[in-house]
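Read through the structure below, which is laid out as structure tokens, and then see the notes.
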Amino acid sequence: MTYPEHPDVLTAFLFNYSVVGSRGLRSRTNEMLNLLDIAKSQATEIASLKAKHQAACQEAAEAEKKARIADAEEEGATDVTQDTYKRLNLVSWRNEKIITHIGWL
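Listed below in structure tokens is the structure:
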């Protein structure tokens with residue numbers, strides 16, 4: 035007989051066997067497998083939601099960058115310099131990193 039590597043799995047197996055016997059162990063095992071399938075599907079759903087969140091954050095950062103450039107041009111700047119672009123890129127990069135970090139918490 036091979037034993038699971040994780041001791042908690044072995045403990046749960048032995049506990050279930052002692053409580054329900056060999057006949058009930060199959061139904062308990064099926065219940066555990068069903069719960070595992072549910073957990074896998076939820077993990078997949080969470081991963082897709084995180085990807086959507088990250089895409090939305092990128093879109094928001096780009097929109098903010100465009101709005102700041104438009105505001106700078108409205109204030110009378112005839113030409114937005116490369117320095118302004120660099121500052122805007124730095125700010126949007128920093129905001130994106132903060133938002134991404136918060137999204138992973």
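Start counting the sequence shown at 35; every next residue gets the next number (this note's numbering). For each residue, glycine too, the CB sits at the ideal point set by N, CA and C.
Where residue i falls, given that 16 or more other Cβ within 10 Å makes a residue buried
| i | result |
| --- | --- |
| A90 | exposed |
| A95 | buried |
| M35 | Residue placement at M35 cannot be trusted, given a pLDDT of 43 that sits under 50; the coordinates are not used to answer. |
| Y37 | Annotation note: pLDDT 48 at Y37 (below 50); position unreliable, coordinate value reported separately. With fewer than 16 Cβ atoms within 10 Å of its Cβ, Y37 is classed as exposed. |
DSSP three-state assignment for residue i, whether helix, strand or coil
| i | result |
| --- | --- |
| E65 | helix |
| L109 | In the sequence as displayed, the identity of residue 109 is Glu instead of Leu. Of the three classes helix, strand and coil, the one that applies to E109 here is coil, per DSSP. |
| T36 | Note that T36 scores 49 on pLDDT, short of 50, meaning its location in the model is unreliable; the coordinates nonetheless yield the value given after this. Looking at T36 - three-state DSSP - the assignment turns out to be coil, as it is neither helix nor strand. |
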